[in-house]
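Number of protein chains: 2
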Amino acid sequence: MRLKPEPLGDREHPKPRESRHTREALIAAATELFAERGFSGTSVEQIARRAGANKAMISYHFGGKAALYRTILEATIGAIAERLVVIRDGFTEPADALKQVVAAIADVASRQPNFPALMLREVVSGGRHLDEQLLPRFLAIFGTVAKIVDAGVRTGAFRSVDPRYTHLSLVGSLFFFFASEPFRRRLVAEGIVPGDPPFDTAAYVRHVQELLARGLKPAAEDR
Amino acid sequence: MRLKPEPLGDREHPKPRESRHTREALIAAATELFAERGFSGTSVEQIARRAGANKAMISYHFGGKAALYRTILEATIGAIAERLVVIRDGFTEPADALKQVVAAIADVASRQPNFPALMLREVVSGGRHLDEQLLPRFLAIFGTVAKIVDAGVRTGAFRSVDPRYTHLSLVGSLFFFFASEPFRRRLVAEGIVPGDPPFDTAAYVRHVQELLARGLKPAAEDR
DNA sequence: GTCTATAGGCTGATAGAC
DNA sequence: GTCTATCAGCCTATAGAC
Numbered sequence: 018m019r020l021k022p023e024p025l026g027d028r029e030h031p032k033p034r035e036s037r038h039t040r041e042a043l044i045a046a047a048t049e050l051f052a053e054r055g056f057s058g059t060s061v062e063q064i065a066r067r068a069g070a071n072k073a074m075i076s077y078h079f080g081g082k083a084a085l086y087r088t089i090l091e092a093t094i095g096a097i098a099e100r101l102v103v104i105r106d107g108f109t110e111p112a113d114a115l116k117q118v119v120a121a122i123a124d125v126a127s128r129q130p131n132f133p134a135l136m137l138r139e140v141v142s143g144g145r146h147l148d149e150q151l152l153p154r155f156l157a158i159f160g161t162v163a164k165i166v167d168a169g170v171r172t173g174a175f176r177s178v179d180p181r182y183t184h185l186s187l188v189g190s191l192f193f194f195f196a197s198e199p200f201r202r203r204l205v206a207e208g209i210v211p212g213d214p215p216f217d218t219a220a221y222v223r224h225v226q227e228l229l230a231r232g233l234k235p236a237a238e239d240r
Numbered sequence: 018m019r020l021k022p023e024p025l026g027d028r029e030h031p032k033p034r035e036s037r038h039t040r041e042a043l044i045a046a047a048t049e050l051f052a053e054r055g056f057s058g059t060s061v062e063q064i065a066r067r068a069g070a071n072k073a074m075i076s077y078h079f080g081g082k083a084a085l086y087r088t089i090l091e092a093t094i095g096a097i098a099e100r101l102v103v104i105r106d107g108f109t110e111p112a113d114a115l116k117q118v119v120a121a122i123a124d125v126a127s128r129q130p131n132f133p134a135l136m137l138r139e140v141v142s143g144g145r146h147l148d149e150q151l152l153p154r155f156l157a158i159f160g161t162v163a164k165i166v167d168a169g170v171r172t173g174a175f176r177s178v179d180p181r182y183t184h185l186s187l188v189g190s191l192f193f194f195f196a197s198e199p200f201r202r203r204l205v206a207e208g209i210v211p212g213d214p215p216f217d218t219a220a221y222v223r224h225v226q227e228l229l230a231r232g233l234k235p236a237a238e239d240r
């Protein structure tokens, strides 16, 4: 997933123009295109062109377009699942843990800008490409929020809410923000939507955290 | 958009098997497929088959696949814009108006179950199919929320929040909920996610309304 | 209005030279 | 590992019969 520059060291055979580089360039290009245009909206021709590689290389390195897509999904889901599982298994304060979840999703989205669009497309498509190996990792996102909210409701840190609805509103807000970034950028550039103050990831993260903190706090009348 | 059964009345020529019916069947089938699989993920062959029509009818009635998609987008965006503009131009209480927006989006989504998936795909794709005619109508959603929040912040009904961020979290939560419905249904059916109590649109609407009401209310320390 | 048949373009994959 | 050339399949659009 990540496009690690990965210093080459001193190789002896400069002739095969670095398999590592081609492979990663293809992944980087394909990730962008799949996020922007979806799987069927992207041709191997386009991927190769953007990667500065030959389209035959996609079959050589990955075994075809579908396998390349799966490789990308795997890395993307792995990155977010890894982060969330740590929070899920280590938190003590539900309110704080929920903030951490928001921050973690935003952090992964900052490092891998195409992750939210890919996830959103996958969800909207009914998870068609998520097999029994990928699905559990994908659901780690859901499981983490659900566990935290469950704990919070039990301990009285949160008012009585459905953990599933809380998950959907949290993830929906965040994915939508990040996945709409290119569209918003266009609207701002064309002067259609106010770009001042500029859209800011950190500010939006705080916005969602605030909304959740205030929205889930038990009020006087809830007791 | 809507698949109005539209009683035929007494026509004289039963031979041309009802143009109206074919046209609407194509729109209904295409709307489902575009929502499920996206524009490029759907072939005219599939649309025709699901509509029980001939694929040449797509060119005849609409002028091609792209024109059919545009027809659908137009109707979809029109339906939601129409509803929101009424709220935008007639509200007095910002807190109540925001509730109405949530309810209106949910209501349109109930009548046209594919509307959120189509909108989400369009946003994630950078609004590629929204021309200068469709874009303003689409942005009525944004403008309505922004105006309401602006008013609420000015009158002190809401704490000081960015209307744009409020819009993104509101719309993101709702679209994500509705567009993920098929996926959730699958997860519940396979016993992967608890389906008890069953996911309920009205309950989710209340959840989002509550989250916003509590999340935007000015607290003692905000004054 | 509807259908069949077909044209013509593009897509993903791969054999084989280097 | 990389590239060129090529192929079979699928796609959208349409001409023309009914």
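Listed in order, the protein sequences are those of chains H and B. The first sequence runs 18 to 240 under this note's numbering. The second sequence runs 18 to 240 under this note's numbering. Built from N, CA and C at the ideal position, the CB exists for glycine as well.
Between the options, which has its C-alpha nearest residue i's C-alpha?
i                      : options                    : result
residue 137 of chain B : H/157, H/200, H/177, H/110 : H/200
residue 50 of chain H  : H/36, H/166, H/100, H/130  : H/130
residue 105 of chain B : B/163, B/142, B/57, B/180  : B/163
residue 221 of chain H : H/192, H/203, H/101        : H/192
residue 48 of chain H  : H/86, H/161, H/71, H/217   : H/86
residue 158 of chain B : B/101, B/43, B/84, B/183   : B/101
residue 185 of chain B : B/218, B/57, B/173, B/229  : B/229
residue 81 of chain B  : B/190, B/161, B/170, B/64  : B/64
residue 179 of chain B : H/179, H/216, H/115        : H/216
residue 219 of chain H : H/66, H/115, H/169, H/124  : H/124
residue 188 of chain B : B/212, B/177, B/176, B/160 : B/160
In angstroms with no decimal places, state the Cα-to-Cα distance between residue i and residue j.
i                      : j                      : result
residue 231 of chain B : residue 232 of chain H : 5 Å
residue 62 of chain B  : residue 210 of chain B : 35 Å
residue 108 of chain H : residue 208 of chain H : 44 Å
residue 40 of chain B  : residue 78 of chain B  : 7 Å
residue 152 of chain H : residue 110 of chain B : 44 Å
residue 133 of chain B : residue 202 of chain B : 16 Å
residue 21 of chain H  : residue 46 of chain H  : Note that residue 21 of chain H scores 41 on pLDDT, short of 50, meaning its location in the model is unreliable; the coordinates nonetheless yield the value given after this. Distance between the alpha carbons of residue 21 of chain H and residue 46 of chain H: 14 Å.
residue 73 of chain B  : residue 143 of chain B : 30 Å
residue 53 of chain H  : residue 84 of chain H  : 18 Å
residue 146 of chain B : residue 113 of chain H : 41 Å
residue 194 of chain B : residue 224 of chain B : 11 Å
residue 150 of chain H : residue 38 of chain B  : 44 Å
residue 141 of chain B : residue 196 of chain B : 13 Å
residue 167 of chain B : residue 96 of chain H  : 38 Å
residue 88 of chain H  : residue 171 of chain B : 49 Å
residue 154 of chain B : residue 173 of chain H : 44 Å
residue 198 of chain H : residue 43 of chain H  : 23 Å
residue 91 of chain H  : residue 235 of chain B : 43 Å
residue 122 of chain H : residue 71 of chain B  : 46 Å
residue 204 of chain B : residue 93 of chain B  : 28 Å
Which residues in chain H have a C-beta closer than 9 Å to the C-beta of residue i? List them in chain order.
i                     : result
residue 11 of chain B : Outside the displayed range of chain B (18 to 240) lies residue 11 of chain B, so it cannot be described from this structure.
Is DSSP giving residue i helix, strand or coil here?
i                      : result
residue 205 of chain B : helix
residue 60 of chain B  : coil
residue 150 of chain H : coil
residue 139 of chain B : helix
residue 164 of chain H : helix
residue 236 of chain B : coil
residue 176 of chain H : coil
residue 215 of chain H : coil
residue 129 of chain H : coil
residue 91 of chain B  : helix
residue 194 of chain H : helix
Can you pull the chain H residues whose beta carbon is under 8 Å from the beta carbon of residue i, in chain order?
i                      : result
residue 185 of chain B : 190, 193, 194, 197, 221
residue 224 of chain B : 178, 179, 182, 183, 186
Quick check on the burial criterion: 16 or more other C-beta atoms within 10 angstroms. Buried or exposed for residue i?
i                      : result
residue 117 of chain B : buried
residue 103 of chain H : exposed
residue 76 of chain H  : exposed
residue 214 of chain B : exposed
residue 99 of chain B  : exposed
residue 36 of chain B  : exposed
residue 226 of chain B : buried
residue 128 of chain B : exposed
residue 237 of chain B : exposed
residue 69 of chain B  : exposed
residue 206 of chain H : exposed
residue 190 of chain H : buried
Give the interface partners of residue i over in chain B, defined as CB-CB distance under 8 Å, in chain order.
i                      : result
residue 134 of chain H : 141
residue 159 of chain H : 210
Which residues in chain B sit within 9 Å of residue i, going by Cβ to Cβ distance?
i                     : result
residue 57 of chain H : 54, 55, 56, 57, 58, 59
Can you pull the chain B residues whose beta carbon is under 7 Å from the beta carbon of residue i, in chain order?
i                      : result
residue 173 of chain H : Chain B residues near residue 173 of chain H: none, gap ~16 Å exceeds 7 Å.
residue 200 of chain H : 140, 143, 144
How would you list, in chain order, the residues of chain H whose beta-carbon sits under 7 Å from the beta-carbon of residue i?
i                      : result
residue 108 of chain B : Ordered by position in chain H, no residue passes the 7 Å Cβ test against residue 108 of chain B, which lies about 21 Å from the chain.
residue 137 of chain B : 137, 141
residue 228 of chain B : 186, 228, 232
Is the beta carbon of residue i within less than 7 Å of some heavy atom of the ligand FAD?
i                      : result
residue 233 of chain B : Here there are no bound small molecules, and the ligand FAD is not part of this structure.
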